[in-house]
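Read the structure below first, then the notes.
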Amino acid sequence: MRRTVVAASIAAGVLATSLVAGLSTASAAPGDPAFGWSSPDGEVHRDVAVSGSGRVFTLSLPEPGRQDHSWLEVGRWLEWSRLEIPPVTTGGMIAGPGDYAMAVAGNQSYLFDGAGWEDPVLITAQEIGRSKLVSNTDGDAALLWSAPGGRSYLSRLDRGGSWDTHRVPSVLVDVPRDVAINNAGKVTVVWAAPKGNTAEIRRTVIQAGASTWSPSVAIGTVDNPRPRLRLVTEGEGRETVLARNKLWRQASSTQLPTFQFRTSNQTELAASDTLTRLVWAGQVGDEYRFYSRSAGTSWGSQVLMWSNAGSSECPNSPWFGVGMVPGGRSYAALVVRTDVGETTDSCGGPFAVVATLDRFDGILNVRGGLDSAIPTTPFQIVGGTSGPIAVEHEVGNWTTDWRVQFFDR
Numbered sequence: 265m266r267r268t269v270v271a272a273s274i275a276a277g278v279l280a281t282s283l284v285a286g287l288s289t290a291s292a293a294p295g296d297p298a299f300g301w302s303s304p305d306g307e308v309h310r311d312v313a314v315s316g317s318g319r320v321f322t323l324s325l326p327e328p329g330r331q332d333h334s335w336l337e338v339g340r341w342l343e344w345s346r347l348e349i350p351p352v353t354t355g356g357m358i359a360g361p362g363d364y365a366m367a368v369a370g371n372q373s374y375l376f377d378g379a380g381w382e383d384p385v386l387i388t389a390q391e392i393g394r395s396k397l398v399s400n401t402d403g404d405a406a407l408l409w410s411a412p413g414g415r416s417y418l419s420r421l422d423r424g425g426s427w428d429t430h431r432v433p434s435v436l437v438d439v440p441r442d443v444a445i446n447n448a449g450k451v452t453v454v455w456a457a458p459k460g461n462t463a464e465i466r467r468t469v470i471q472a473g474a475s476t477w478s479p480s481v482a483i484g485t486v487d488n489p490r491p492r493l494r495l496v497t498e499g500e501g502r503e504t505v506l507a508r509n510k511l512w513r514q515a516s517s518t519q520l521p522t523f524q525f526r527t528s529n530q531t532e533l534a535a536s537d538t539l540t541r542l543v544w545a546g547q548v549g550d551e552y553r554f555y556s557r558s559a560g561t562s563w564g565s566q567v568l569m570w571s572n573a574g575s576s577e578c579p580n581s582p583w584f585g586v587g588m589v590p591g592g593r594s595y596a597a598l599v600v601r602t603d604v605g606e607t608t609d610s611c612g613g614p615f616a617v618v619a620t621l622d623r624f625d626g627i628l629n630v631r632g633g634l635d636s637a638i639p640t641t642p643f644q645i646v647g648g649t650s651g652p653i654a655v656e657h658e659v660g661n662w663t664t665d666w667r668v669q670f671f672d673r
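For the sequence shown, my numbering gives the first residue as 265, with consecutive numbering after it.
Here it is in structure tokens:
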């Protein structure tokens, strides 16, 4: 039974059209993002997805006690509809071909079938703590979550089917972990098992339609018991694992990830059907430099995307994020802050751009227009086969905490 949703028309601001001072813009190409529109400002983080039709979906995730509700939003241009739901602090949003989207809020899921939100479906009777929701290009979903006590579970949903849940037997405590699902429905979980001052990075897999996990296998170690851990998979199946500043990658979907190289502690990953992209920052003198490198069947060359004067004395500088869309085009949000005057406790800026790269590592465009203040978290950058590129980030000024901005293609 479909729930009735009352549509609310919400005016959205238009992004500024001035370029960042001193910015050099590369030659434009069809499909580059242009200054677009923004969703209503919010006080809380929103997980964002863009469906194949170009429609935007968000789920608000307020901190405990901050709001007495969450909401599901559906939007395009200046028209948005909002459905209030019970408050949740954990969950996520995915989207698929057509006008399909699915949100997980706490231990329930909400399906959007093109006309409206259906009644919620219970995923599990257990309380869900920390969780992460991922999907493939068909809209199949995988939810990695913790029960009270820290044990890990994996819930799967084939598009059009129902949830099934399996405990991840090797992950016995609440440790750094990540999850990915490829186009064949294979789900991979990686985690950092602490061993004194180090951590062993381990991996296990459950195939589509199976109910048992592969034996857990160690793929390497890092010099931190709780490292920052990232896993992405290409739709065809090659996985890339980043733990602290070490990177592993599969040569093919049937082989174990092998160590490739060390990278920066500040590195982000994104993947499409056949390509994976790394973005990282480095500092040379008083200049921050943002680099990119792609990986398919082989590694591409290192590309300098953008540079700007900055200061290591300024907190949260630099910061950035990266996203990819089907076909391999990449979008990176890059931000730098700098000192103000000779002696001051404050920092200037931010100086922010959005860079667009094609699947061959060519820079299509670098432009300003990203409205940002003092973010403390990585940017969320998502897009579908059509429609806008959505950039969600923490603003942290006096009137707005979080913002979702859109760039047209």
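Built from N, CA and C at the ideal position, the CB exists for glycine as well.
- When DSSP states are grouped into helix, strand and coil, residue 578 belongs to the coil group.
- Shortest Cα-Cα distance from residue 319 to any of 331, 342, 551 and 569 involves 342.
- In this structure, the straight-line span from the alpha carbon of residue 510 to that of residue 465 is close to 11 Å.
- For residue 455 against residue 440, the beta-carbon gap comes to about 6 Å, under 8 Å, which counts as contact.
- As computed with DSSP, residue 546 is found in a beta bridge with 553.
- Residues of the same chain with a CB within less than 6 Å of the CB of residue 431, apart from the 5 flanking positions on each side, are 417 in chain order.
- Between the region 639 to 652 and the region 312 to 326 there are three or more C-beta pairs closer than 8 Å, enough to call the two in contact.
- For the 9 Å CB-CB criterion, residue 403 and residue 339 do not form a contact.
- No Cβ-Cβ contact shorter than 9 Å links residue 542 with residue 570.
- Here residue 372 carries a strand assignment [DSSP, helix/strand/coil].
- In the DSSP annotation of this structure, the continuous segment of the beta strand (DSSP E) that includes residue 493 starts and ends at 493 to 497.
- A direct Cα-Cα distance of roughly 9 Å separates residue 307 from residue 658.
- For residue 611, the CB contacts under 8 Å within the same chain, skipping 5 residues up- and downstream, are 575, 577, 578, 579, 581, 601, 602, 603 and 604 in chain order.
- By the Cβ test, the region 529 to 543 is not in contact with the region 457 to 472, since fewer than three Cβ pairs between them sit closer than 8 Å.
- In this structure residue 589 is in contact with residue 647, their Cβ atoms being roughly 4 Å apart against a cut-off of 8 Å.
- Taking a 10 Å sphere around the C-beta of residue 408, we find 16 or more other C-beta atoms and assign the residue as buried.
- Around the CB of residue 593, 16 or more other CB atoms lie within 10 Å, so the residue is classed as buried.
- Taking 9 Å as the cut-off, the Cβ atoms of residue 449 and residue 396 do not count as close.
- Residue burial is scored here from C-beta neighbours: residue 379 has fewer than 16 other C-beta atoms within 10 angstroms and is therefore classed as exposed.
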